[in-house]
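Numbered per the working numbering, the sequence shown spans residues 3 to 295. For each residue, glycine too, the CB sits at the ideal point set by N, CA and C. Given the structure is predicted, the values throughout are model-derived calculations rather than measurements. Just below is one structure, and these are the notes that go with it.
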Amino acid sequence: MKKTICLWTLLLIAVSCTNDDNYNDRHGDKAVIPPKGRILRVMTYNIYGARATSPANAADLDALAEVIRRQNPDFVTLNEVDAFTNRTGKDVHQARDLAAKLGMEWHFSKAIDRDGGEYGDAVLSKHPILETRSYRLPCAASQPGEDRSLCVIRVEIDGKDLYVASTHLDHLSGDASRMVQANEIRRIRDTDLGGDLILSGDLNAIPSSNVIATMTAFLTNVGTIDQYTFPSDSPTRKIDYILYAPIEHFGVQNCTVVSRADQQVDGVDASDHRPVVADIRFQTEEDLVETQE
Numbered sequence: 003m004k005k006t007i008c009l010w011t012l013l014l015i016a017v018s019c020t021n022d023d024n025y026n027d028r029h030g031d032k033a034v035i036p037p038k039g040r041i042l043r044v045m046t047y048n049i050y051g052a053r054a055t056s057p058a059n060a061a062d063l064d065a066l067a068e069v070i071r072r073q074n075p076d077f078v079t080l081n082e083v084d085a086f087t088n089r090t091g092k093d094v095h096q097a098r099d100l101a102a103k104l105g106m107e108w109h110f111s112k113a114i115d116r117d118g119g120e121y122g123d124a125v126l127s128k129h130p131i132l133e134t135r136s137y138r139l140p141c142a143a144s145q146p147g148e149d150r151s152l153c154v155i156r157v158e159i160d161g162k163d164l165y166v167a168s169t170h171l172d173h174l175s176g177d178a179s180r181m182v183q184a185n186e187i188r189r190i191r192d193t194d195l196g197g198d199l200i201l202s203g204d205l206n207a208i209p210s211s212n213v214i215a216t217m218t219a220f221l222t223n224v225g226t227i228d229q230y231t232f233p234s235d236s237p238t239r240k241i242d243y244i245l246y247a248p249i250e251h252f253g254v255q256n257c258t259v260v261s262r263a264d265q266q267v268d269g270v271d272a273s274d275h276r277p278v279v280a281d282i283r284f285q286t287e288e289d290l291v292e293t294q295e
């Protein structure tokens, strides 16, 4: 009887909340908000190598830290992160230094060598990082472009493991390389990253693309198709995403694109992308046990 009541409760919640919560572009008809769970705030931010979009184009980690601090996220996935490059400082590791400014833990994955240093993706976490992983995402052999990375951490939330991953798909060679990279992420998910996963980043693809269709075949996409993120001064397209799996262990409380005012410091855009922030309800072990009773 309890199981029957629980199932009806879930169905009622799904029907009553679908219009109020910013659900994914695809799979919205399948989404069910868990009745219980821990709310986690996830932020994804392409930081443009911390080179603020001022005429000087100078790196400004303090501005980025301020933009992130305003949102108070549990996790931040970062793209276009420099480490020890000539252009942003041979003594500067942007993931490490941002984490220090924010009091968070961090993991960085190199995508390519860049300007005397490294360039890639990172995850910052308020929660202790228990494990880190880095995966290479190659380009299509037929199209020269930039190899990318999948940067992964594992944390524990109220007794339950959670993977949080950052990625940034190629922008130079068209959909062919992005499709190769999206399919490689799916292979990694199927073979090496089982369990609960939040993945976010700059996918360099619009919601109607084959790339996003591929990603949303195995991940649930948070937000709506008109939540434009690029360019930061007047966004015209959505290319930055937050996704999760499996669908039954998560729900979306809220998903927003940070306003231009909130991603500016002293009147200057901190990056050429707007960050995306989502409050995601994550079912812990205790929540799952109670649901099954």
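- When DSSP reads this structure, A247 sits in a beta bridge with L199.
- Relative to the Cα of G203, the nearest Cα in the group E186, S175, T169 and P277 belongs to T169.
- Taking C-beta atoms under 8 Å as the contact rule, S175 and Q145 qualify, at a distance of about 4 Å.
- Taken in chain order, the whole beta strand (DSSP E) runs of length 3 or more contained in the region 118-196 are 119-127, 133-139, 150-159 and 162-170.
- In the three-state DSSP reduction, D228 falls in the coil class, being neither helix nor strand.
- Residue range V278 to F284 is occupied by the beta strand (DSSP E) that includes V279, with no alpha helix (DSSP H) assigned at that position.
- Following the DSSP letters along the chain, one finds T79 inside the beta strand (DSSP E) bounded by residues F77 to A85.
- Contact annotation: the region 147-156 touches the region 114-130, with at least three C-beta pairs closer than 8 Å.
- Excluding five sequence positions before and after E186, the CB atoms of its chain that fall closer than 6 Å to its own CB belong to L139, given in chain order.
- Looking only at R72, D198 and A142, the smallest Cα-Cα distance to G253 is reached by D198.
- Nearest C-alpha to V154 among C257, L80 and A54: L80.
- In this model, S127 and D228 are separated by some 28 Å (Cα to Cα).
- The Cβ atoms of L63 and A272 lie no closer than 7 Å to each other.
- The alpha-carbon of R189 is positioned some 44 Å away from that of D268.
- Nearest neighbour of F220 by Cα position, chosen from P233, I249, N212 and V166, turns out to be I249.
- I282 sits away from T46, with the two beta carbons spaced by 7 Å or more.
- Residues of the same chain with a CB within less than 6 Å of the CB of Q73, apart from the 5 flanking positions on each side, are M45 and V279 in chain order.
- Short of 6 Å from the beta carbon of T55, and not among the five residues preceding or following it, lie these beta carbons of its own chain, in chain order: D271 and D274.
- Excluding sequence positions up to five before and after T231, its CB lies within less than 7 Å of the CB of P237, K240, I241, D242, V259, H275, R276 and V278, all in the same chain and listed in chain order.
- In the same chain as F77, and ignoring 5 residues on each side of it, the C-beta atoms closer than 6 Å to its own belong to V44, S127 and V166, in chain order.
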